[in-house]
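S.K.:
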Amino acid sequence: MSGLTRALPLLLFVNLFFLVQPSEAHGILPDEIPMAAGTALRDHGNLPSRTAVFSDHWTPNALTVDQGQALILALDNASPEWHLFALVDDVALRDQNLIHQLMPDLRKDYPNTRLSEPGTTVQIPWRFDMADQYTVHCVRVDHQQHSPVLTITVHPISPH
Numbered sequence: 237m238s239g240l241t242r243a244l245p246l247l248l249f250v251n252l253f254f255l256v257q258p259s260e261a262h263g264i265l266p267d268e269i270p271m272a273a274g275t276a277l278r279d280h281g282n283l284p285s286r287t288a289v290f291s292d293h294w295t296p297n298a299l300t301v302d303q304g305q306a307l308i309l310a311l312d313n314a315s316p317e318w319h320l321f322a323l324v325d326d327v328a329l330r331d332q333n334l335i336h337q338l339m340p341d342l343r344k345d346y347p348n349t350r351l352s353e354p355g356t357t358v359q360i361p362w363r364f365d366m367a368d369q370y371t372v373h374c375v376r377v378d379h380q381q382h383s384p385v386l387t388i389t390v391h392p393i394s395p396h
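Position 1, counted from 1, in the sequence shown is what this note's numbering calls 237; the numbers after and before it change by one each time, with no gaps.
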């Protein structure tokens, strides 16, 4: 494994801190972290919640939201295994799968991921900024190729 390949996860992590303008920062992390699938919200206040339950599949297996909508995505893990759920688009899924292949023991939350032990509910406060289709996958290495998908369709804002 090359030095660059091993350094990639560290570079991604460091960029999270240096790309934030001081005026946007709350302590060390910003209150809002723009990502490919929308914006992770740290200080989210009182948002509505949408729940999906994971066992060997997602119930429901699809959600729809409006562009610009902010909500708490509540993910119930009803399976007997731990999962690292990631809210992603195709590019972010590829990148996060690679990070976890390089470091398979990494069990860490990022702005768009949550570690979920069996029988727990995790929350991802999120604003869906872009109309598109996104997914929730488990990025645990041994689940990457066969993880059931929760599809989230973000409808564009209709002109008034």
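C-beta: ideal position from N, C-alpha, C; glycine also.
1) Do the CB positions of ALA328 and ALA273 come within less than 8 Å of each other?
2) Count the other CB atoms, across all protein chains shown, that sit within 10 Å of the CB of THR371; report buried if there are 16 or more and exposed otherwise.
3) Give me whichever residues DSSP pairs with ASN313 in a beta bridge.
4) If you draw a straight line from the alpha carbon of CYS215 to that of ARG350, how long is it in whole angstroms?
5) Quick check: the region 348-367 against the region 274-283, are there 3 or more CB pairs under 8 Å?
6) Applying the criterion that 16 or more other CB atoms from any shown protein chain within 10 Å of the CB defines a buried residue, is ARG410 buried or exposed?
7) Just the C-alpha distance for PRO395 and ASP331, rounded to the nearest angstrom, thanks.
8) In the DSSP assignment, find the unbroken alpha helix (DSSP H) run with ILE335 in it and report its ends.
9) According to DSSP, is ASP302 helix, strand or coil?
10) Give me, in chain order, the residues of the same chain whose beta-carbon lies closer than 8 Å to that of ALA298; leave out the 5 immediate sequence neighbours on both sides.
11) Please go through the same chain and pick out, in chain order, the residues whose beta-carbon is closer than 7 Å to the beta-carbon of SER291, but skip the five residues on each side of it.
12) Kindly indicate which residue of ILE360, ASP378, GLN381 has the alpha-carbon position closest to the one of GLU268.
13) Evaluate HIS319 with the Cβ neighbour count: other Cβ atoms within 10 Å of its Cβ, from every protein chain shown; 16 or more gives buried, anything less gives exposed.
M.R.: The relevant details are as follows:
1) yes
2) buried
3) PHE290
4) Outside the shown range of the chain, which is 237 to 396, sits residue 215, and nothing can be said about it.
5) yes
6) Coverage of the chain is limited to positions 237 through 396, which leaves residue 410 absent and any answer about it impossible.
7) 34 Å
8) 326-338
9) strand
10) LEU386, THR387, ILE388, THR389
11) ALA314, SER315
12) ILE360
13) buried
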